[in-house]
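Report on one structure; see the data block that follows.
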């Protein structure tokens, strides 16, 4: 009013200014109310989104503990015993499902893993084991045979040298006799072969 007193405007203009200011204040109040209503609607929508199917089911397990949802809109699950059995069924179902799933999965996995592992392990182990035994056996037989033949050959040479005239070379040959005796042909240093007595091989 003090501001209006210092103006030279007529009274009609002053009343129009006051009415315009009142309209503006009403519009601002309406905008604020609309904004508040929109905020409330948004909050309600957010709460509805939060209260999905699992949320009331989980919150209605213990309705007497002051939880935000009493389970009144759950239909057949509104009863406490029904909800208890329902969640017990869910718990047992998921428990046995995951238990048997992981049990059989790990059982078969480790079973086949260890089976193939031990199979190949023992296969290669016994393979190399028997192969090494066979190799050792062949080596021993070869050494024994070589030793025996060397020993026999050594005494054979001694026998030939003892019963012949100091040969420098010798070799074996078959005769054309009907008895197929093996004769020893001793080559003398002079180059003249001397046939010793035939003996049975």
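Residue numbers (the UniProt record's numbering): 1 to 201. In this text, a Cβ means the ideal position worked out from N, Cα and C, and glycines have one as well. Just so it is clear, the structure is predicted and the values come from calculations on it, not from any experiment.
query                                                                           : result
C-alpha distance - residue 116 paired with residue 45, whole-angstrom precision : 59 Å
Alpha-carbon to alpha-carbon, residue 33 and residue 42                         : 14 Å
Separation of residue 141 from residue 106, as counted between CA atoms         : 50 Å
Closer than 8 Å: residue 90 CB and nearest the ligand NAD heavy atom            : Although the ligand NAD was asked about, the structure shown includes no ligands whatsoever.
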